[in-house]
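Colleague: Structure below; questions to follow.
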Ligand SMILES: [Zn+2]
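As structure tokens, this is what we get:
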């Protein structure tokens, strides 16, 4: 995390000139109220008392964010449709997809593990990507989606539970171990799943909560301007 810089907030800052908009923000860790200051791109504002991050400067534009989420949605569909690997041994050929992997774990009597894999690898990433597209597409069209705060809170709650990279690591270890007993042919899904993790990580690091709400506010302002006087 970057160190406080000249953009660091000053709670003892002199009052803003009359007429200038002054916004206050409370530190989530120590509750200290501080004035917001404009930040440079990719800079962070830190609390002057506890040094925790108060807010981040602009990370990315809406077009890039929407493009990343559309790419993630496409890669998630490809990852679920095509096999992750084809195993050939003694004349037998088995195609393993993401979902058939869950079913195999379930059939082995590990219902809880199967449920966890299903949720963290397929259901929750799909829900998160779907919710973000639900929020971003209307914003891109100039109008915020209905129930935006509720859906955004859902995205924030889901995000820590998407663990696709852990699943991929498990699959790779298993494939390397199985290589001694069977011929392993990596499937389309394996590559698309790797690409999905890269795109999803890029989108997560580029996403700024502050940017998102700025987009919502500016789209609402645009809507108000469109209203007949
Ligand atoms: Zn603080």
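Residue numbers (our numbering): 6 to 234.
Glycine included, C-beta positions come from ideal geometry on N, C-alpha and C.
Only a predicted model underlies this, so the values are computations on that prediction, with no experimental measurement involved.
1. Going by C-alpha to C-alpha distance, which of 41, 43 and 227 sits closest to residue 145?
2. Taking 7 Å as the cut-off, is the beta-carbon of residue 37 closer than that to any non-hydrogen atom of ligand 1?
3. DSSP beta-bridge partners for residue 51?
4. Quick one: using the 10 Å Cβ neighbour count with 16 as the cut-off for buried, is residue 134 buried or exposed?
5. Look up residue 38 in the DSSP assignment and give the residues it is bridged to.
6. Where does residue 51 land, buried or exposed, given buried means 16+ other C-beta within 10 angstroms?
7. Is any beta-carbon of chain D found at less than 8 Å from that of residue 122?
8. By Cβ distance, which residues of its chain are closer than 7 Å to residue 189, with the 5 residues on each side in sequence left out?
9. Find the nearest neighbour of residue 43 within the set 219, 225 and 160, judged by alpha-carbon distance.
10. The beta strand (DSSP E) that contains residue 101, what's its start and end?
11. In chain order, which alpha helix (DSSP H) runs of at least 4 residues are fully inside the region 124-181?
12. Would you mind giving the Cβ-Cβ distance between residue 194 and residue 102, rounded to the nearest angstrom? I have them listed as a contact below 8 Å.
13. Between which two residues does the beta strand (DSSP E) holding residue 93 run?
14. Assuming residue 77 contacts residue 198 under a Cβ cut-off of 8 Å, what Cβ separation, rounded to an integer in Å, is found between them?
15. If you count every other CB in all the chains shown that lies within 10 Å of the CB of residue 149, and 16 or more means buried, which is it?
16. Just to confirm before moving on: does the CB-CB distance between residue 208 and residue 73 stay below 8 Å?
17. If you count every other CB in all the chains shown that lies within 10 Å of the CB of residue 122, and 16 or more means buried, which is it?
18. Roughly how many angstroms lie between the CA atoms of residue 221 and residue 142, to the nearest whole one?
19. Take residue 100 and list the residues in its own chain whose beta-carbon comes closer than 6 Å to its own, dropping the five residues that flank it on each side.
20. With DSSP run on the structure shown, which of helix, strand or coil describes residue 65?
21. Could you say which of 57, 95 and 49 lies nearest to residue 36 if we only look at CA atoms?
22. If you reduce the DSSP assignment to three classes, tell me which class residue 6 lands in.
23. In terms of alpha-carbon separation, which member of 46, 131, 55 and 60 lies closest to residue 29?
24. Identify the continuous beta strand (DSSP E) that holds residue 191 and give its terminal residues.
25. Alpha carbon to alpha carbon, how far is residue 147 from residue 158?
Modeller: Straight from the coordinates:
1. Working through the chain shown from its first residue, we reach residue 145 at position 140. Taking only the C-alpha atoms, the option nearest residue 145 is 227.
2. The residue you call residue 37 lines up with position 32 of the chain shown. Within the cutoff, so yes.
3. Here residue 51 refers to the residue found at position 46 of the chain shown. According to DSSP, residue 51 bridges with 58.
4. Walking along the chain shown from the start, residue 134 turns up at place 129. Buried.
5. Residue 38 sits at position 33 when you count from the first residue of the chain shown. Its beta-bridge partners are 31.
6. Taking the first residue of the chain shown as position 1, residue 51 is located at position 46. Per the 10 Å Cβ criterion, buried.
7. The chain inventory of the structure shown lacks chain D, comprising one protein chain alone.
8. By one-based count along the chain shown, residue 189 stands at place 184. These residues qualify, in order along the chain: 90, 92, 180 and 183.
9. Within the chain shown, numbered from 1, the residue matching residue 43 stands at position 38. Considering only alpha carbons, the answer is 219.
10. Residue numbering aside, residue 101 sits at position 96 when the chain shown is read from its first letter. Segment 97-101, the beta strand (DSSP E) holding residue 101.
11. Complete alpha helix (DSSP H) runs here, min 4: 129-145 and 153-163.
12. Numbered from its first residue, the chain shown carries residue 194 at position 189. Numbered from its first residue, the chain shown carries residue 102 at position 97. Sure, about 7 Å apart at Cβ, within 8 Å.
13. Translated into the one-based positions of the chain shown, residue 93 becomes position 88. Residue 93 -> beta strand (DSSP E) spans 90-94.
14. Residue 77 sits at position 72 when you count from the first residue of the chain shown. Residue 198 sits at position 193 when you count from the first residue of the chain shown. Not quite, the Cβ-Cβ distance comes to about 11 Å (not below 8 Å), so this is no contact.
15. Within the chain shown, the letter at position 144 stands for residue 149. Looking at its Cβ environment, which holds 16 or more other Cβ atoms inside 10 Å, residue 149 is buried.
16. Locating residue 208 in the chain shown gives position 203, counting from the first residue. Locating residue 73 in the chain shown gives position 68, counting from the first residue. It is a contact, given that the beta carbons lie within the stated cut-off.
17. Counted from its first residue, the chain shown places residue 122 at position 117. Burial is judged here by how many other beta carbons sit within 10 angstroms of a residue's own beta carbon; residue 122 has at least 16 and is buried.
18. Within the chain shown, numbered from 1, the residue matching residue 221 stands at position 216. Within the chain shown, numbered from 1, the residue matching residue 142 stands at position 137. Using only the alpha carbons, I get a separation of about 12 Å.
19. Counting from 1 along the chain shown, the entry for residue 100 is found at position 95. Here the set comprises 88 and 91.
20. In the chain shown, counting from the first residue as 1, residue 65 sits at position 60. Reduced to three states, the DSSP call for residue 65 is coil.
21. As a working note, residue 36 is residue 31 in the chain shown. Out of 57, 95 and 49, the CA that lies nearest to the CA of residue 36 is found in 57.
22. The count along the chain shown starts at 1 and reaches residue 6 at position 1. Low confidence applies to residue 6: its pLDDT is 39, below 50, so where it sits in the model is not reliable enough to give any reading.
23. The count along the chain shown starts at 1 and reaches residue 29 at position 24. Considering only alpha carbons, the answer is 60.
24. On the chain shown, position 186 is the one that residue 191 refers to. Segment 188-191, the beta strand (DSSP E) holding residue 191.
25. By 1-based counting over the chain shown, the position of residue 147 is 142. By 1-based counting over the chain shown, the position of residue 158 is 153. Answer to the nearest angstrom: the Cα atoms are 21 Å apart.
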